[in-house]
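Protein chains in written order, with the numbering used here: chain A, 35 to 345; chain B, 17 to 268. Note that the Cβ used here is the ideal one computed from N, Cα and C, for glycine as well. Only one structure is covered here, and it is reproduced in the block below.
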Amino acid sequence: MQSTVVRIEHLVKRFGDVQALDDCNAEVLQGEIFGFIGPDGAGKTTLFRILTTLLTPDEGRAEVLGLDVVDDYRRIRPQLGYMPGRFSLYHDLSVEENLTFFAGIFDADVQQNYELIRDLYEQLAPFKDRRAGKLSGGMKQKLALCCALIHKPQLLVLDEPTTGVDAVSRREFWDMLGRLREHGISIVVSTPYMDEARRCDRIALIQDGRILSTDSPQALSRSYRRPLLSVRVKQSFAALRALREFKHAHSVYSFGDALHYSDARTTLTGKDISELRDYLSGRSIEVEELHPIEPTIEDSFMELSTERNDG
Amino acid sequence: MAENAKVITADKLTKRFGAFTAVDAISFEVGAGEIFGFLGANGAGKTTAMRMLTGLLKPTSGRAGVAGYDVFTQSENIKRRIGYMSQRFSLYEDLTVYENVRFYGAVYGLRSETLRAKIKAVLEELDLTHARNTLLAELPLGWKQRLAFSTALIHDPAIVFLDEPTGGVDPITRRQFWEMIYEQAERGTTIFVTTHYMDEAEYCDRVSIMVDGRIAALDTPRGLKQTFQAETMDDVFVRLVRGPKSSVEAGG
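Here's what the structure looks like:
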């Protein structure tokens with residue numbers, strides 16, 4: 035049995051009239067990468083600030099590493115590594131000085147824990163005398179992760195570490211998280227990028243302060259119940275409009291070079307698919323491909339978030 | 017896209033900062049009404065290139081024309097003929113919806129009757145007339161984003177530059193935003209857009225990918241995928257940007 039490293043129960047937080055968190059429940063297990071996936075304003079940062087003991091909840095409770103975030107905050111802090119969404123290292127200290135400083139405040143030894151940050155720090159080493167404020171975005175992110183790791187925390191809390199980061203650096207960052215998990219560090223991470231969900235062991239989809247669903251990425255994709263087709267055409271925008279007007283359409287969204295069409299009926303026969311193809315041809319839209327597909331996390335997220343808004 | 021009318025032409029456009037070449041002799045053209053995706057890794061030179069094309073930064077060498085004006089000598093004319101929307105919405109949180117639109121209209125040089133009519137049209141089109149006196153801070157993110165787009169277009173510019181317009185936005189709003197982009201392009205406005213979402217690269221008519229200050233590839237998304245024998249634009253991007261050098265990092 036894996037032990038629980040984070041447990042939140044009926045968590046509520048308001049800022050004036052704004053309900054930032056609305057009855058949130060979740061559990062993160064020892065050694066897993068757990069992702070909170072949702073757009074800006076969903077409540078991810080508020081939740082992370084409660085977990086890192088920087089903010090107290092209005093209602094409900096949260097436990098981190100078996101300790102209460104309100105009563106035991108002093109015992110939680112030394113065991114946490116936190117990377118806030120905004121770059122919060124000292125701009126006017128060098129790379130090396132920042133690392134030594136963070137090791138110092140946690141009473142940690144850089145040499146002793148170097149193994150954990152070796153991969154990252156070797157890329158930073160050529161710039162160790164450069165001021166942190168003068169680093170590129172990708173380098174800042176690597177330094178921030180080093181500083182969050184230098185005291186060998188039990189739990190790493192990363193608030194949107196990949197926002198504004200290019201696709202290549204994002205992949206490398208997730209590779210790095212996978213290696214940290216092998217060191218036994220549990221990781222809680224948030225992201226607005228739906229494609230990063232599949233790099234997590236389990237995810238919670240969050241929007242408007244509410245957790246829509248929690249599961250493994252695979253199970254969440256499978257929870258999507260409607261028939262889903264991928265449609266590839268030359269004139270995507272025209273096809274998007276036409277498909278929305280089709281009498282059985284449930285939703286139509288663009289997905290890269292294809293459209294995802296979901297049908298309001300419970301199942302689709304070959305005849306139904308032919309009918310759809312004919313419908314598009316009738317509107318002078320040349321269909322290149324049209325076939326059933328497995329839903330992605332993004333399909334599930336959009337379905338869950340519209341269900342909630344309609345309900 | 018109209019083949020004849022070119023609204024952006026760059027010829028060996030270069031910017032150096034001291035010994036560092038941020039933008040290294042890039043050449044490309046963008047046609048009227050085209051949706052042009054401008055991609056690249058962090059630090060590849062996208063922002064510098066965009067600052068030159070929007071008249072905010074003088075190039076070191078090369079040539080470029082934007083909306084018929086020269087970036088070296090006519091940057092003020094360029095600014096009047098383009099719209100710009102950044103990833104951090106440039107609207108004022110402590111002004112109302114109406115005040116924001118009026119402010120941008122006035123900044124872009126619209127006056128009296130024209131300005132009034134334009135404000136009315138923008139609010140009606142976005143269905144925000146009822147919220148005209150709402151503080152921007154109280155609007156949902158998706159509305160802010162649509163409003164920012166419309167204010168960037170209030171003076172009917174020839175080109176609109178969108179700098180990561182959809183960062184952090186929920187997946188449905190992100191798609192609705194792209195539908196606005198399509199509609200605007202259909203009206204003939206040229207769209208010059210940067211993004212880190214590789215699925216959005218697929219929505220562009222053509223895409224350029226910058227690597228180390230140069231344009232490493234430029235084609236339709238379909239063409240790029242064929243050239244690089246890749247399934248998705250994400251794979252194209254990774255292959256170009258990561259290059260042969262970093263197989264070590266890729267091994268993780």
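query: Below-8 Å beta-carbon distance, Arg205/A vs any chain B residue; result: yes
query: Endpoints, beta strand (DSSP E) assigned at Val257/B; result: That residue, Val257/B, is in no beta strand (DSSP E); its alpha helix (DSSP H) goes Met249 to Arg258.
query: Ile84/A and Leu114/A closer than 8 Å at C-beta; result: no
query: Ala57/B at chain A interface by Cβ criterion, 8 Å; result: yes
query: Every unbroken beta strand (DSSP E) within the segment 163 to 200 of chain B, with a cutoff of 3 residues, ordered by chain; result: 175 to 179
query: Residue interval of the alpha helix (DSSP H) (run including Lys268/A); result: Segment: none, Lys268/A is in no alpha helix (DSSP H) and carries neither H nor E.
query: Rounded distance between the beta-carbons of Thr248/A and Thr225/A, thought under 8 Å; result: Thr225/A to Thr248/A, Cβ: 15 Å. No contact.
query: Where Val346/A falls, given that 16 or more other Cβ within 10 Å makes a residue buried; result: Residue 346/A is absent from the structure shown; chain A starts at 35 and stops at 345.
query: Under 8 Å from the C-beta of Trp194/B: neighbouring residues of chain A; result: Ser288
query: For Met68/B, the first and last residue of its enclosing alpha helix (DSSP H); result: Lys62 to Leu69
query: Every unbroken beta strand (DSSP E) inside the segment 89 to 134 of chain A [3 residues or more]; result: 93 to 98 and 114 to 117
query: Any chain B beta carbon closer than 8 Å to Asp297/A; result: no
query: Three-state secondary structure assigned by DSSP to Gln245/B; result: coil
query: Spatial distance of Val52/A from Asp40/B (CA atoms); result: 48 Å
query: Residues bridged to Glu61/A (per DSSP); result: Arg41/A
query: Any chain A beta carbon closer than 8 Å to Asp186/B; result: yes
query: Residue range of the alpha helix (DSSP H) that includes Arg152/A; result: Tyr148 to Leu158
query: Bridge-paired residues (DSSP) for Phe52/B; result: Phe208/B and Arg222/B
query: Cβ-Cβ distance between Ile207/B and Ile51/B below 8 Å; result: yes
query: Own chain residues within Cβ distance below 8 Å of Thr236/B, not counting five before or after; result: Asp221, Arg222 and Val223
query: Contact list for the segment 256 to 271 of chain A against chain B, Cβ threshold 7 Å; result: Phe271
query: Proximal chain B residues relative to Gln241/A, where beta-carbon distance stays under 7 Å; result: Asp186
query: Exposure label - Lys134/B; buried when at least 16 CB within 10 Å; result: buried
query: Per-residue contacts from Phe335/A into chain B (C-beta, under 7 Å); result: Pro187
query: Pick from Val202/A, Val286/A and Glu323/A that is closest to Ala57/B, judged by C-alpha positions; result: Val202/A
query: Proximal residues to Ala231/A (C-beta, below 7 Å), its chain only, five neighbours per side dropped; result: Gly69, Ile71, Ile237, Pro251 and Ile331
query: Coarse secondary structure for Ala266/B, derived from DSSP in three states; result: Residue placement at Ala266/B is poorly supported in this model, since its pLDDT is 34, which falls under 50; the coordinates still yield a value, given next. Ala266/B: helix per DSSP, three-state reduction.
query: Minimum Cβ-Cβ distance from Val199/A to chain B less than 8 Å; result: yes
query: DSSP bridge partner residues for Thr37/B (one or two, in chain order); result: Arg32/B
query: In DSSP terms, what Ser296/A is bridged to; result: Leu262/A and Ser285/A
query: Short Cβ contact (8 Å threshold) for Ser288/A with Tyr100/B; result: no
query: Chain A residues whose Cβ lies nearer than 9 Å to that of Phe253/B; result: Asp200, Ala201 and Val202
query: Gln188/A versus Pro187/B - alpha carbon distance; result: 33 Å
query: Chain-ordered neighbours of Asp74/A on chain B, where CB pairs are closer than 9 Å; result: Leu157, Gly183, Gly184, Val185 and Asp186
query: Chain A contact for Met66/B (CB, 8 Å cutoff); result: no
query: Spatial distance of Val199/A from Gln36/A (CA atoms); result: 33 Å
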